[in-house]
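Notes to accompany the following structure.
In the numbering used here, the protein residues as written are 4 to 170.
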């Protein structure tokens with residue numbers, strides 16, 4: 004009789020161990036998928052912000068060189084802005100954690116708000132001094148926000164890789 008009890012307990016222990024191992028593997032797979040989704044989302048967002056900033060600065064260079072902004076230039080800038088929106092939406096669906104969403108929002112808005120700088124006329128390839136100062140400040144702010152997001156994402160993804168879940 005004791006042999007039967009031991010056999011049953013051994014079987015139950017084996018089933019429990021197999022179930023625990025399967026549960027651990029499923030959780031690990033889910034965590035890996037989430038980590039990958041967040042990494043891809045941040046990468047897409049950083050790329051979209053870079054593209055938007057590039058389009059913006061190309062339009063500024065054209066204005067400084069005396070060329071007016073063409074319809075194609077405006078379309079390219081609006082398309083780039085739409086890609087930024089799409090990318091931030093993807094990240095928002097991947098995580099609700101403010102550790103990522105706050106710097107992501109700052110990176111997006113620091114780039115988009117460049118277009119809010121009133122430009123005025125160009126003289127000898129330059130805007131007025133206060134406009135040039137605002138453009139330089141906006142450029143620095145958007146670069147810094149980009150770096151902050153990249154660094155926050157690196158820390159966040161490393162934490163996920165170690166199994167520290169934030170949301």
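Virtual Cβ for every residue (Gly too), placed ideally from N, Cα, C.
- Cβ-Cβ distances below 7 Å link residue 149 to 49, 52, 110 in the same chain, with the five nearest sequence neighbours on each side left out; the list follows chain order.
- Proximity of the region 90-106 to the region 66-78 falls short of the contact definition, fewer than three beta-carbon pairs being nearer than 8 Å.
- Boundaries of the alpha helix (DSSP H) harbouring residue 156: 132-164, taken from the DSSP string.
- By the 16-neighbour rule on beta-carbons within 10 angstroms, residue 24 is exposed.
- Distance between residue 120 and residue 160, taken at the CA atoms: about 35 Å.
- Note that the region 114-129 touches the region 52-68; at least 3 beta-carbon pairs, one per stretch, sit closer than 8 Å.
- One Cα belongs to residue 153, the other to residue 14, and the distance between them is close to 50 Å.
- Looking at 93, 165, 138, 137, the one whose alpha-carbon comes closest to that of residue 41 is 93.
- Inclusion of residue 66 and residue 125 in the CB contact set at 8 Å is warranted, their separation being smaller than that value.
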